[in-house]
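Take a look at the structure below.
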Amino acid sequence: MPFYLVILIALLSMLTSCSKPPFDGESAMRYIEKQCSFGPRNPNSEGHKQCLQFLTEELKKYCERVDHQNFVYVDKKDTSVKLNGTNIIASINLQPKSKKRVLLCAHWDTRPWADKDPDSSNHDKPILGANDGASGVAVLLEMAKILKENPLDIGVDIILWDLEDYGEHNGELFPDSLNPYCIGSEYFAKNNKTYWPAYGILLDMVGDKNLDIPIEKNSYNQAKDVVNKVWDKAKKLKKPAFRTSIEADVFDDHIPLLRIGIPCINIIDFNYPDAGNRYHHTLSDTPDKCSAESLQQIGDVLVEVLYSE
Numbered sequence: 003m004p005f006y007l008v009i010l011i012a013l014l015s016m017l018t019s020c021s022k023p024p025f026d027g028e029s030a031m032r033y034i035e036k037q038c039s040f041g042p043r044n045p046n047s048e049g050h051k052q053c054l055q056f057l058t059e060e061l062k063k064y065c066e067r068v069d070h071q072n073f074v075y076v077d078k079k080d081t082s083v084k085l086n087g088t089n090i091i092a093s094i095n096l097q098p099k100s101k102k103r104v105l106l107c108a109h110w111d112t113r114p115w116a117d118k119d120p121d122s123s124n125h126d127k128p129i130l131g132a133n134d135g136a137s138g139v140a141v142l143l144e145m146a147k148i149l150k151e152n153p154l155d156i157g158v159d160i161i162l163w164d165l166e167d168y169g170e171h172n173g174e175l176f177p178d179s180l181n182p183y184c185i186g187s188e189y190f191a192k193n194n195k196t197y198w199p200a201y202g203i204l205l206d207m208v209g210d211k212n213l214d215i216p217i218e219k220n221s222y223n224q225a226k227d228v229v230n231k232v233w234d235k236a237k238k239l240k241k242p243a244f245r246t247s248i249e250a251d252v253f254d255d256h257i258p259l260l261r262i263g264i265p266c267i268n269i270i271d272f273n274y275p276d277a278g279n280r281y282h283h284t285l286s287d288t289p290d291k292c293s294a295e296s297l298q299q300i301g302d303v304l305v306e307v308l309y310s311e
């Protein structure tokens, strides 16, 4: 074989090994729209049941194993109310060359009450949750597709948490509320005996057209190495949404994991669409407030992180 062909083959091999698969923000946006087509996905609703079936079937296309962790939550204020919850647990590459596993997660339920809506007549209506519920899931469904088509040496698990957004009606984001937030992830953490990923990344409210991702304080204080890993990749890719300022500490699904020793960070835009937070827990949380460009930024960073392992 001529020497120049040997060099060409070697160069092509190097380029192939260094290249990373593209993330499709438009496809992720369609996943937001699909979830919202079921209507609100609050527990025990018809939309919740339909979306559970869709998410399960979609993940089965790309993951080796998909399990349901079912649980029942009894409302602490009205014990006649029993909510059926399901954490969806999907695994890719069950027998990786490397023993390392990484967790990607998001909540898939939506808030039962639009208790921050400017119109008080809407306060007992469930929200659609395009950003707060569907956006993180949309990115992870697209990631599952990428990981299926472009296998890694490490294992990746995707968990979609349920009952993250139950909380108390008109309640603030306090972990000691009578009916707390993050019920599904708390249930998982309390029952976990065998699953210890190298690290985890939680996505929450990542579809906002005005995407702004500062560093969440709990993530920085308890999983600084993971924060640095992710933000270094965002800087490398010149993603403008990722800011290096450390801001509010958010009680979210990463907290139960941190408590049991899983270093998990929260990628969250907690100003939706800005500091006024006008769309959060309102009927205005609809797909038109989200964008493929924002999802693209998040997906590109996740691809860069995972395919650099």
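Letter 189 of the sequence shown, counting from 1, is numbered 191 in this note's numbering, and no numbers are missing.
All residues carry an ideal CB built from backbone N, CA and C; glycine is no exception.
Fair warning: this is a prediction, and the values are worked out from it, not measured in the lab.
Comparing alpha carbon positions, the residue from PRO42, LEU204, LEU297 and CYS53 closest to ASP254 is LEU204. The C-beta separation of ILE270 from ASP214 comes to about 10 Å, leaving the pair out of contact by the 8 Å criterion. Taken atom to atom, the span from the alpha-carbon of VAL229 to that of THR58 is near 30 Å. DSSP, reduced to helix, strand and coil, places ALA250 outside both helices and strands of the structure shown, so it counts as coil. For the pair ALA250 and PHE244, the CB atoms are not nearer than the 8 Å cut-off. At the C-beta level, ASP164 and GLY186 come within 8 Å of one another.
CYS184 carries a coil assignment under DSSP once its states are collapsed to helix, strand and coil. Take VAL83, set aside five residues on each side of it, and the residues of its chain with a beta-carbon closer than 6 Å to its own are ASP77, in chain order.
THR88 counts as buried, since at least 16 other C-beta atoms from the protein chains shown sit within 10 angstroms of its C-beta.
Three or more beta-carbon pairs drawn from the region 289–306 and the region 135–149 are found closer than 8 Å, and the two stretches are therefore classed as touching. Under DSSP, GLY202 forms a beta bridge with LEU105 and CYS266. Residue pairing by DSSP puts GLU218 in a beta bridge opposite GLU249.
For TRP110, the closest C-alpha among the options PRO128, LEU85, ALA140 and LYS102 is that of ALA140.
Residue burial annotation: TRP115 is buried, with at least 16 other C-beta atoms found within 10 angstroms of its C-beta.
Within the DSSP bridge table, the entry for LYS84 names VAL76 as partners.
Within the same chain, ILE156, GLY157, VAL158, ASP159, PRO199, ALA200, TYR201, GLY202, ILE203, LEU308 and GLU311 come within 8 Å of VAL104 by CB-CB distance, once the 5 residues on both sides are set aside. CA-to-CA, the gap between LYS195 and SER123 works out to about 45 Å. DSSP, read as helix, strand or coil, puts ILE94 in strand. Across the structure, LEU239 and VAL232 are spaced so that their CA atoms are roughly 11 Å apart. GLY157 carries a strand assignment under DSSP once its states are collapsed to helix, strand and coil. Of the candidates LEU85, GLU218 and SER39, LEU85 places its Cα closest to the Cα of PRO45. Annotated as distal: ALA92 and VAL74, with beta-carbon spacing of 8 Å or more.
Only residues of its own chain outside the window of five on either side were considered, and among them LYS22 and PHE25 have a CB closer than 6 Å to the CB of VAL305, listed in chain order. Per DSSP, GLU144 is one residue of the alpha helix (DSSP H) stretching across 138–151.
By alpha-carbon distance to MET31, the top candidate from PRO289, GLU48 and SER100 is PRO289.
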